[in-house]
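Chemist: Position one of the sequence shown corresponds to residue 0 (numbering that gives the first Met the number 0), numbered consecutively onward. First the structure, which I've put down as structure tokens, then a few questions once you've had a look.
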Amino acid sequence: MLRPALASLLLAVTLSSCVPGGVREVQFRAGPAGGEVLASRLLADGVVPRDRLVSVEVAVARAPEGSLLVICGRQWRLSRPWGLCTHLSRKLAPGLLTEAPGITGGGLLRGGVQTVPTSRLEARDVVIVLDVGVRGEQLPALRAEAARLSGTPYRVAGLLDRDVGLDCSTYQNALQHALGLPDVVPFNGLWNLYLPQDALKVPGARVLWVGVRGG
Numbered sequence: 000m001l002r003p004a005l006a007s008l009l010l011a012v013t014l015s016s017c018v019p020g021g022v023r024e025v026q027f028r029a030g031p032a033g034g035e036v037l038a039s040r041l042l043a044d045g046v047v048p049r050d051r052l053v054s055v056e057v058a059v060a061r062a063p064e065g066s067l068l069v070i071c072g073r074q075w076r077l078s079r080p081w082g083l084c085t086h087l088s089r090k091l092a093p094g095l096l097t098e099a100p101g102i103t104g105g106g107l108l109r110g111g112v113q114t115v116p117t118s119r120l121e122a123r124d125v126v127i128v129l130d131v132g133v134r135g136e137q138l139p140a141l142r143a144e145a146a147r148l149s150g151t152p153y154r155v156a157g158l159l160d161r162d163v164g165l166d167c168s169t170y171q172n173a174l175q176h177a178l179g180l181p182d183v184v185p186f187n188g189l190w191n192l193y194l195p196q197d198a199l200k201v202p203g204a205r206v207l208w209v210g211v212r213g214g
């Protein structure tokens, strides 16, 4: 049974056509090379320095271990009410990600928190790679926490109780906590959920790469 917050979100979106983040569609275009990207404006502006705009495969391959991957579609759909960006993953090691996929990604049927190959993202429209403060010396602790939480069941919004379950956002927050780092996704009081897209709004999050399918 879906959590009441999810039902409320679906109802609000249906009645008001209000999209989390206010962006219904994104078409990234290349800007001057060498510039920095303001994460909080990335979806609205759609401009990426040409040396940071790459294919999805290249973005995932270049993502540093420990970095956060924000997975997005090109267009918002009612079937994906979270906004343009509907999932979060993290580079755990070369060729490997750690994540807590949702219903369509197999979370309910295949064990929630899990380690998966990076090839899982090849069919995604957009992958945004963020530096969220994880450094090389913290990687052993990151991997240990991912192993400890492996198999934690999926549950929408996590309810702040890790023993009950984790969703894609609260799982990544849990990994941050194990390293003494702040949340990568804040609680969204308006929607009463942890929205993956809000990872782009967190102060200090730095855009490393923007990968676009077919780019």
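Backbone N, C-alpha and C define an ideal beta-carbon position, used for all residues, glycine too. Values in this document were obtained by computation on a predicted structure and should not be read as measured data.
How do the stretch 39 to 58 and the stretch 198 to 212 stand: do at least 3 beta-carbon pairs fall below 8 Å, yes or no?
Modeler: yes
Chemist: Starting from Thr169, trace the beta strand (DSSP E) both ways and give me its first and last residue.
Modeler: Taking the first residue of the sequence shown as position 1, residue 169 is located at position 170. Run containing Thr169: none in the beta strand (DSSP E); it sits in the alpha helix (DSSP H), Cys167 to Ala177.
Chemist: Assign Gln74 to buried or exposed, taking buried as 16 or more other Cβ atoms, counted over all protein chains shown, within 10 Å of its Cβ.
Modeler: For this step, residue 74 is matched to residue 75 along the sequence shown. Under this definition Gln74 is an exposed residue.
Chemist: Is the beta carbon of Leu192 sitting closer than 8 Å to the one on Leu42?
Modeler: Residue 192 sits at position 193 when you count from the first residue of the sequence shown. Residue 42 sits at position 43 when you count from the first residue of the sequence shown. It is not a contact, given that the beta carbons lie outside the stated cut-off.
Chemist: Which residues does DSSP list as the beta-bridge partners of Asp130?
Modeler: Within the sequence shown, numbered from 1, the residue matching residue 130 stands at position 131. According to DSSP, Asp130 shares a beta bridge with Arg205.
Chemist: Output the boundary residues of the beta strand (DSSP E) element that contains Ala60.
Modeler: Residue 60 sits at position 61 when you count from the first residue of the sequence shown. Looking at the DSSP string, Ala60 is not in any beta strand (DSSP E); the run it does join, the alpha helix (DSSP H), is Val55 to Arg61.
Chemist: What does the alpha-carbon distance come out to for the pair Asp130 and Ala204?
Modeler: Here residue 130 refers to the residue found at position 131 of the sequence shown. Here residue 204 refers to the residue found at position 205 of the sequence shown. Straight-line Cα distance between these residues: approximately 6 Å.
Chemist: Check whether the Cβ atoms of Gln175 and Val183 lie closer than 8 Å to each other.
Modeler: Your numbering for residue 175 matches position 176 in the sequence shown. Your numbering for residue 183 matches position 184 in the sequence shown. Yes, these two residues count as a Cβ contact at 8 Å.
Chemist: Starting from the Cα of Leu67, find the closest Cα among Leu148, Ala146, Leu96 and Leu194 and give me that residue.
Modeler: Locating residue 67 in the sequence shown gives position 68, counting from the first residue. When only C-alpha atoms are compared, the closest one is Leu96.
Chemist: On the three-state DSSP scale, how would you describe Thr117?
Modeler: On the sequence shown, position 118 is the one that residue 117 refers to. Of the three classes helix, strand and coil, the one that applies to Thr117 here is helix, per DSSP.
Chemist: Please work out which residues of its chain come closer than 7 Å, Cβ to Cβ, to Lys90, disregarding the five sequence neighbours upstream and downstream, and give them in chain order.
Modeler: Taking the sequence shown and counting its residues from 1, the one referred to as residue 90 is at position 91. Around Lys90: Ala62, Pro63, Glu64, Gly65, Ser66, Leu68 and Leu96.
Chemist: Work out the CA separation of Val36 and Pro202 for me, nearest whole Å.
Modeler: The residue labelled residue 202 in the question sits at position 203 within the sequence shown. The residue labelled residue 36 in the question sits at position 37 within the sequence shown. Using only the alpha carbons, I get a separation of about 13 Å.
Chemist: Can you look up Ala92 in the DSSP assignment and give me helix, strand or coil?
Modeler: Here residue 92 refers to the residue found at position 93 of the sequence shown. DSSP places Ala92 in strand when its eight states are reduced to three.
Chemist: Within 10 Å of its beta-carbon, does Val146 have 16 or more other beta-carbons around it, so buried, or fewer, so exposed?
Modeler: For the purposes of this step, residue 146 is taken as residue 147 along the sequence shown, with counting starting at 1. It is Ala, not Val, that sits at residue 146 in the sequence shown. By the neighbour-count rule (16 or more Cβ atoms within 10 Å), Ala146 is not buried but exposed.
Chemist: Please work out which residues of its chain come closer than 6 Å, Cβ to Cβ, to Arg212, disregarding the five sequence neighbours upstream and downstream, and give them in chain order.
Modeler: Taking the first residue of the sequence shown as position 1, residue 212 is located at position 213. Answer for Arg212: Val55 and Asp124, listed in chain order.
Chemist: Going by CA-CA distance only, name the one from Ala60, Arg28 and Val46 that's closest to Gly242.
Modeler: Given a span of 0 to 214 for the chain in the structure shown, any question on residue 242 remains unanswerable.
Chemist: CB-CB under 7 Å to Pro152, same chain, minus the five flanking residues each way: which ones, in chain order?
Modeler: Here residue 152 refers to the residue found at position 153 when the sequence shown is read from its first residue. Exclusion of the five residues before and after Pro152 leaves Gly111 and Gly164 as the residues of its chain whose Cβ lies within less than 7 Å of its Cβ.
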